[in-house]
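J.: I'd like to ask you about the structure that follows.
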Amino acid sequence: MKPEIEEKLTALGLLDADICLLEIEKAWTVPTYVVRDIDGLKYWYCAGNGDRVHELPNALESVRHKHRNARLLIICDRSVDGMYCKHGPEKESIAEALRACLSALMLLVHDYYGFQRYLLANPDKIIIVTSYYDELTVHEGMGAKMIAFLKSLAPEEPDEDE
Amino acid sequence: MNPVIWEKVHKHCGKTISVLETAGSASPIVARCSGNHGDSTIWYYENNRDLYFRLNYLADNTPFAIKTLKMKVVILCDMERFFGRKPSTDSNEAASVRTKALLACIHVLNILLTNGEVLTHFTDHPENFILGTYLGDEIVFHEELSKEFLLLLVDQLP
Numbered sequence: 000m001k002p003e004i005e006e007k008l009t010a011l012g013l014l015d016a017d018i019c020l021l022e023i024e025k026a027w028t029v030p031t032y033v034v035r036d037i038d039g040l041k042y043w044y045c046a047g048n049g050d051r052v053h054e055l056p057n058a059l060e061s062v063r064h065k066h067r068n069a070r071l072l073i074i075c076d077r078s079v080d081g082m083y084c085k086h087g088p089e090k091e092s093i094a095e096a097l098r099a100c101l102s103a104l105m106l107l108v109h110d111y112y113g114f115q116r117y118l119l120a121n122p123d124k125i126i127i128v129t130s131y132y133d134e135l136t137v138h139e140g141m142g143a144k145m146i147a148f149l150k151s152l153a154p155e156e157p158d159e160d161e
Numbered sequence: 000m001n002p003v004i005w006e007k008v009h010k011h012c013g014k015t016i017s018v019l020e021t022a023g024s025a026s027p028i029v030a031r032c033s034g035n036h037g038d039s040t041i042w043y044y045e046n047n048r049d050l051y052f053r054l055n056y057l058a059d060n061t062p063f064a065i066k067t068l069k070m071k072v073v074i075l076c077d078m079e080r081f082f083g084r085k086p087s088t089d090s091n092e093a094a095s096v097r098t099k100a101l102l103a104c105i106h107v108l109n110i111l112l113t114n115g116e117v118l119t120h121f122t123d124h125p126e127n128f129i130l131g132t133y134l135g136d137e138i139v140f141h142e143e144l145s146k147e148f149l150l151l152l153v154d155q156l157p
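Protein sequences appear in the order of chains A and B.
Just so it is clear: in the first sequence, position 14 is 13 by numbering that gives the first Met the number 0, and no numbers are missing.
Just so it is clear: in the second sequence, position 82 is 81 by numbering that gives the first Met the number 0, and no numbers are missing.
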């Protein structure tokens, strides 16, 4: 993540100690996800590499163990390599970045346990951000909307005991 | 895909359609085009590192299918293949598998929409993108899902 973006996130209070950060480094051509907590610990995942993407929920859950009320910040930089619309119109580019965030969220809620169940029960804990060089857009309410959409696919409500 | 499902898809969606089948995030994806121009089948393997490149190739070629051949795009998921066995219908297992199968369909739709022309067509005509899940001879078309998916994104756009 670019230092300018990190500074802006910090100024907005979005890089507090309770944040699990999921950064999308490449969106579509072999998607790459980075998970880190505030201590700067990094785990690298590559969805194009067989089953490793299935480890993503566990990585986030391990971060949450340290922060019971963790929030999840999903950020996608529209200028990163791999974004098809990086040189395209702004509207398409934002739409693509948001869909990449939704894809990441889908990977997380694919099975309802641990962090996923927590997120389904606490959609307000999800913050969706897109960036473009040093510009930052916080998509207010988007995390909750994405969760509502994903929940609408499920016939049964997940347990809300987390 | 078994012939019964193939026939049901054609009956529901019309004759000129482009069919994509997925079996999930780590399983084969089949792309089929069916129409007056004849049938063709292409195989995609998501375990293969090249899958995303290949799907992007598909996305880049889909506008041709949609615009020139006036096709609808049907994205299907075979629940049995997706789950590895036939899910039990006397518990909520089948319902749970259907949800995950739908996620797999949306994942494929997401990749197709990386193409600007496909995205524009989707924005104008979400009804031309049809998601379906099937188990054995039974298929469910999730008619409203494409529109809901569009609504999810549309008010975020400048």
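Even for Gly, the Cβ is constructed at its ideal location relative to N, Cα and C.
Hey, is A/R98's beta-carbon within less than 8 Å of any beta-carbon in chain B?
T.: To locate residue 98 of chain A, count along the first sequence from 1; it is residue 99. Yes, A/R98 lies at the interface with chain B (some Cβ there is under 8 Å from its Cβ).
J.: Can you name the residues that DSSP bridges to B/F128?
T.: Within the second sequence, numbered from 1, the residue matching residue 128 of chain B stands at position 129. Its beta-bridge partners are B/V72.
J.: Count the other CB atoms, across all protein chains shown, that sit within 10 Å of the CB of A/H64; report buried if there are 16 or more and exposed otherwise.
T.: Position 65 of the first sequence, counting from 1, holds the residue named residue 64 of chain A. Counting Cβ neighbours within 10 Å, A/H64 comes out exposed, since fewer than 16 surround it.
J.: Chain B partners of A/A94, CB-CB under 7 Å?
T.: Here residue 94 of chain A is taken as the residue at index 95 of the first sequence, counted from 1. Going along chain B in sequence order, the residues near A/A94 (Cβ under 7 Å) are L118, L152 and L156.
J.: Any beta-carbon of chain B closer than 8 Å to the one on A/H162?
T.: Chain A is shown from 0 up to 161; residue 162 of chain A falls before or after that span and cannot be answered.
J.: Taking contact to mean 3 or more Cβ pairs, one atom from each stretch, closer than 8 Å, check whether the region 89-96 of chain B and the region 144-157 of chain B are in contact.
T.: Touching, no.
J.: Chain B partners of A/S91, CB-CB under 7 Å?
T.: Position 92 of the first sequence, counted from the first residue, corresponds to residue 91 of chain A. Correcting the residue identity first, residue 91 of chain A is Glu in this sequence and not Ser. Simply G115 and L118.
J.: So, at 6 Å on beta carbons, what are the nonlocal neighbours of B/P86 in its own chain, with the 5 sequence-adjacent residues on each side left out?
T.: Position 87 of the second sequence, counting from 1, holds the residue named residue 86 of chain B. Excluding residues within five positions, the ones whose Cβ falls inside 6 Å are E92, A93 and V96.
J.: Given a cut-off of 8 Å on the beta-carbon distance, is the pair A/S92 and A/I4 in contact?
T.: The residue given as residue 92 of chain A occupies position 93 in the first sequence. The residue given as residue 4 of chain A occupies position 5 in the first sequence. No, the Cβ-Cβ distance between A/S92 and A/I4 is not below 8 Å.
J.: Based on the DSSP output, what are the partners of A/E22 in its beta bridges?
T.: If you number the first sequence from 1, residue 22 of chain A lands on position 23. Note: A/E22 sits in a beta bridge opposite A/V33 and A/I74.
J.: For A/D36, count neighbouring Cβ atoms within 10 angstroms of its own Cβ and tell me buried if that reaches 16, exposed if not.
T.: On the first sequence, residue 36 of chain A is found 37 positions in, with the first residue counted as 1. Label assigned to A/D36: buried.
J.: Give a yes or no on whether the minimum CB-CB distance between A/M0 and chain B is below 8 Å.
T.: Here residue 0 of chain A is taken as the residue at index 1 of the first sequence, counted from 1. Not closer than 8 Å to any Cβ of chain B, the Cβ of A/M0 fails to qualify, so no.
J.: Return the CA-CA distance between A/S102 and A/L119, expressed in angstroms with no decimal places.
T.: On the first sequence, position 103 is the one that residue 102 of chain A refers to. On the first sequence, position 120 is the one that residue 119 of chain A refers to. Near 15 Å, if we compare the C-alpha coordinates of A/L119 and A/S102.
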